Amino acid sequence: MSSEPINEVSKVEQNDVYKQRRTFAIISHPDAGKTTLTEKLLLFGGAIREAGAVKGKKARRHATSDWMEIEKQRGISVTSTVLQFSYKNRRINILDTPGHEDFSEDTYRTLTAADSAVMLIDAAKGVEPQTIKLFEVCSMRGIPIFTFINKLDREGKEPLALLEEIEEVLGIRSCPMNWPIGMGQQFLGIYNRSDRRFERFTGRGEGTTNIQVDDIESEELRDVLGADLHEQLQEEVMLLDIAGDPFDADLVQRGKLTPVFFGSAIANFGVETFLNQFIELSPAPGPRRTDEGLVEPSDESFSGFVFKIQANMNPAHRDRIAFIRMCSGRFERGMNVNHVRTGKKISLAQPQQFFGQGREIIDEAFPGDIIGIFDPGLFRIGDTLTESGWFNFEPLPQFSPEHFARVNVKNTLKYKQFHKGLEQLAEEGAIQVYRQVNRTEDMILGAVGRLQFEVFQYRMNAEYGAEVELTNLPYSVARWIETPNLETLNYDRYSNLIVKDQDDRYVMLFPNEFATHFVIDKNPDVMLHTTSYGM
Ligand code: G4P
Numbered sequence: 017m018s019s020e021p022i023n024e025v026s027k028v029e030q031n032d033v034y035k036q037r038r039t040f041a042i043i044s045h046p047d048a049g050k051t052t053l054t055e056k057l058l059l060f061g062g063a064i065r066e067a068g069a070v071k072g073k074k075a076r077r078h079a080t081s082d083w084m085e086i087e088k089q090r091g092i093s094v095t096s097t098v099l100q101f102s103y104k105n106r107r108i109n110i111l112d113t114p115g116h117e118d119f120s121e122d123t124y125r126t127l128t129a130a131d132s133a134v135m136l137i138d139a140a141k142g143v144e145p146q147t148i149k150l151f152e153v154c155s156m157r158g159i160p161i162f163t164f165i166n167k168l169d170r171e172g173k174e175p176l177a178l179l180e181e182i183e184e185v186l187g188i189r190s191c192p193m194n195w196p197i198g199m200g201q202q203f204l205g206i207y208n209r210s211d212r213r214f215e216r217f218t219g220r221g222e223g224t225t226n227i228q229v230d231d232i233e234s235e236e237l238r239d240v241l242g243a244d245l246h247e248q249l250q251e252e253v254m255l256l257d258i259a260g261d262p263f264d265a266d267l268v269q270r271g272k273l274t275p276v277f278f279g280s281a282i283a284n285f286g287v288e289t290f291l292n293q294f295i296e297l298s299p300a301p302g303p304r305r306t307d308e309g310l311v312e313p314s315d316e317s318f319s320g321f322v323f324k325i326q327a328n329m330n331p332a333h334r335d336r337i338a339f340i341r342m343c344s345g346r347f348e349r350g351m352n353v354n355h356v357r358t359g360k361k362i363s364l365a366q367p368q369q370f371f372g373q374g375r376e377i378i379d380e381a382f383p384g385d386i387i388g389i390f391d392p393g394l395f396r397i398g399d400t401l402t403e404s405g406w407f408n409f410e411p412l413p414q415f416s417p418e419h420f421a422r423v424n425v426k427n428t429l430k431y432k433q434f435h436k437g438l439e440q441l442a443e444e445g446a447i448q449v450y451r452q453v454n455r456t457e458d459m460i461l462g463a464v465g466r467l468q469f470e471v472f473q474y475r476m477n478a479e480y481g482a483e484v485e486l487t488n489l490p491y492s493v494a495r496w497i498e499t500p501n502l503e504t505l506n507y508d509r510y511s512n513l514i515v516k517d518q519d520d521r522y523v524m525l526f527p528n529e530f531a532t533h534f535v536i537d538k539n540p541d542v543m544l545h546t547t548s549y550g551m
C-alpha cells in the first residue's frame with residue numbers, strides 16, 4: 017500500500033534520467049586532433065587525472081586504435097566503442113568512430129547510435145575527405161552537428177574562408193559561437209559572442225584568462241589586442257552580426273545549421289567553453305522510428321538495437337561483444353528481453369560498460385547509454401531487443417564500400433566452412449558480400465576500409481579454418497539501384513558490374529564517382545543510392 021506512491025515517484029525520476037544523457041560521436045579526418053580533443057574532454061569529466069598531450073603519431077604508429085593508445089598511455093581502459101563520464105549533471109557518452117587504417121563500416125554504423133555529432137576540423141586543412149563521408153551519414157539522419165575548428169595555435173586558413181568552405185563543401189549553414197583573434201604565433205584568443213567574453217590564449221598548458229568585455233570597442237580590449245587586431249575583431253564581429261546566420265536552435269536540432277567553435281585542443285584552449293555550450297545545446301536522446309511507430313525514450317519498457325559487434329576484444333577469451341544502443345525504458349542486469357528477429361526470450365546477464373578501470377559489469381542503464389553484451393553468436397547488426405512488444409527499429413543501412421575483391425577458398429575441401437564464415441561475418445557486418453548476377457558462385461567482398469579485408473582473411477582462417485584468397489577488383493564505388501527495369505539499363509558493361517547484396521538488392525559497382533554520372537545521364541528513370549537506407 018505504502019510502497020505504491022514511492023514507486024510512482026521513482027518511476028517519474030527514472031523516466032527523466034535519459035534527459036541528462038548526451039550521446040555523440042566526434043567526426044573528423046585523421047590527424048585533425050580527435051584523440052587530443054577526446055583526452056581533454058575526459059579531463060574535464062574527471063575520467064582521467066593526468067594532463068598533457070597524447071604522444072606523437074610516430075610513437076604510436078603500431079596502435080590500431082587511438083583509444084587503445086590512450087588506454088596504454090593513461091592506464092585506463094577505453095577499449096573503443098564508448099567512453100562514459102559525468103560532467104555538470106550530465107552523463108556524457110562519446111562514441112568512438114575509428115579512423116586511420118581501421119576506418120570501416122563500423123565507423124559509419126556507430127553514427128546511427130549517436131544523437132549528435134561534433135565535427136572536428138583542422139584550421140589549416142579545412143574540410144577533408146573522411147569528414148565529408150562521415151558528415152553525409154550524420155546529415156542523412158538529420159542529427160545536430162557541432163563544429164570545433166582546431167589548431168588555431170598554428171597558421172591556418174582564414175576563419176571566414178573556413179566557414180565558407182563548410183557551407184560550400186558540406187552544404188550546411190554555420191553560426192560561429194565564438195571568433196578567433198589572430199592565428200598561429202599571433203593567436204591571442206577567442207571572443208565569445210553570446211556572453212561577450214574574451215578568452216585570452218596564453219600558450220600551451222598555461223590556462224586561460226577571461227576578460228569580460230561589455231563593450232567590444234573598449235580601451236581595455238584594445239590594450240590587450242593591440243590596435244590592428246582590435247579593429248579587425250570589431251569589423252569581423254560586425255560582419256557576422258549583419259551578414260552571418262543568426263543562431264537558431266530549431267535549425268541546429270534539425271541538422272541544418274552548425275554552431276561553430278574555435279580553439280586549440282592541444283593547448284586545452286576553447287575546449288571548456290565548447291563543452292559548456294555543447295551540453296546545453298546538444299539534444300538528449302529523442303524518439304526513434306520503428307516499424308510500429310515511434311519509441312519515446314520516456315517509454316517505460318526497455319528497448320534498444322545492436323549497432324556493432326566486435327569479436328575477439330579480449331584475445332584470451334575469444335569473445336564477441338554486441339553493443340546495444342538503449343532507446344527507451346530502464347535496463348536492469350539479468351532482465352529478460354525479446355530478441356525480435358528470432359522470436360526468442362533471452363536474458364541479458366552480463367552487461368558491460370567500457371570505461372574507467374576496465375570493463376565494468378553494470379546494474380542499470382538508461383536511454384542514450386551503450387551496453388555491451390556477451391554474444392554467443394546470437395546477434396546480428398541491427399537486431400532489436402525489447403522488454404515488451406515485437407517491433408523492429410529501422411534497419412541499419414549498408415554503406416558504399418570503397419574496396420572490392422573477389423574471394424575464393426584456397427582448399428576446396430573447406431568449402432562448407434568457407435560459406436559458413438562468409439555468411440556469419442557478413443551478418444555480423446564485418447564485411448559486405450555480393451554475388452554476381454549471372455554467376456552466383458562468384459563472391460565479391462566490399463569493404464569501407466582496407467583493414468577490413470585483412471581482418472576478414474585472418475578471421476576466416478582463425479575462426480572457420482578456411483584460408484581464403486582475395487583478388488582486388490578495380491571498383492571503388494557502389495550504388496544501390498532503383499530502376500523500373502534492370503534489363504533495359506544503359507551502362508558500360510566493361511567498366512561497371514551489377515551484383516546483388518546480402519538482401520538481394522541490386523547494386524552497381526563503378527571504378528569511380530565520375531562513372532556514376534554516365535548511368536544517371538543515360539537513364540533518367542533510374543535512381544542510384546549511396547546507401548541501402550530506405551530501400
Ligand atoms: P587524430 O586522433 O584526429 O588522428 O589526431 P591526434 O589527436 O592524434 O592529433 C594529430 C596531431 O595533431 C598530433 O601531433 C597532435 O599533437 C596534434 N594536435 C592536436 N590538436 C592540436 C592543436 O590544437 N594544435 C596543434 N598545433 N597541434 C594539435 P603529433 O602526432 O604529435 O605530431 P605531428 O603529426 O605534428 O608530427
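Be aware that the sequence shown starts at 17, since it is given in the working numbering, and climbs by one per residue. The C-beta atom is built at its ideal place from N, Cα and C for all residues, glycine as well. Computed from a predicted structure; not experimentally measured.
- Query: Is DSSP giving leucine 127 helix, strand or coil here?
  - Reply: helix
- Query: Would the beta-carbon of arginine 283 fall within 7 Å of that of glycine 49?
  - Reply: Position check: residue 283 holds alanine in this sequence, whereas arginine was assumed. No, Cβ-Cβ distance for alanine 283 and glycine 49 is not below 7 Å.
- Message: valine 276 and proline 192 - do their beta-carbons sit closer together than 7 Å?
- Response: yes
- Message: Closer than 8 Å is the cut-off here; do at least three beta carbon pairs connect the segment 347-354 with the segment 416-424?
- Response: no
- Task: Could you tell me which residues DSSP pairs with serine 132 in its beta bridges?
- Result: Phe40
- Item | Residue from Tyr431, Asn424, Gln414 and Gly437 with nearest C-alpha to serine 120 | Gln414
- Message: With distance defined between alpha-carbon atoms, name the residue in Thr499, Glu308 and Lys324 nearest to asparagine 408.
- Response: Glu308
- Query: Under a three-way DSSP split, which group does lysine 167 fall into?
  - Reply: coil
- Message: If I measure Cβ to Cβ from proline 490 and keep anything under 6 Å in the same chain, skipping five residues before and after, which residues do I get?
- Response: Pro527
- Compute every distance between the C-beta of threonine 147 and the non-hydrogen atoms of the ligand G4P, then say whether any falls below 6 Å. no
- CB alanine 41 to CB alanine 130, shorter than 7 Å? yes
- Message: Does the structure place the segment 150-170 close enough to the segment 478-494 that three or more beta carbon pairs sit under 8 Å?
- Response: no
- Neighbourhood of valine 552 by C-beta, 6 Å cutoff - its chain only, sequence neighbours within 5 removed: One cannot answer for residue 552 here, as it falls past the ends of the chain, which runs 17 to 551.
- Query: Pairing CB atoms from the segment 446-464 with CB atoms from the segment 505-518, are three or more of them under 8 Å?
  - Reply: yes
- Query: Nearest-angstrom Cα distance between serine 190 and threonine 52?
  - Reply: 24 Å
- Query: Roughly how many whole angstroms lie between the Cα atoms of glutamate 498 and glutamine 518?
  - Reply: 16 Å
- Query: Is DSSP giving valine 523 helix, strand or coil here?
  - Reply: strand
- Item | For glycine 384 and alanine 302, the rounded distance between their alpha carbons | Reading off the sequence, residue 302 comes out as glycine, not alanine. Their backbone Cα atoms lie some 9 Å apart in a straight line.
- Item | Proximity winner among Thr402, Gly398 and Leu168, relative to glutamate 410 (alpha-carbon distances) | Gly398
- Message: Taking 6 Å as the cut-off, is the beta-carbon of aspartate 112 closer than that to any non-hydrogen atom of the ligand G4P?
- Response: no
- Is the beta carbon of serine 280 within less than 6 Å of some heavy atom of the ligand G4P? yes
- Beta-carbon gap between asparagine 109 and valine 98 smaller than 7 Å: yes
- Query: Across which residues does DSSP place alanine 8 in a beta bridge pair?
  - Reply: Nothing about residue 8 can be read from this structure; the chain reaches only from 17 to 551.
- When DSSP builds the beta bridges, which residues end up paired with proline 192? Val276
- Consider the C-beta atom of serine 120 and the heavy atoms of the ligand G4P; say whether any pair is separated by less than 6 Å. no
- Task: Would you identify the three-state DSSP class for arginine 451, choosing helix, strand or coil?
- Result: strand
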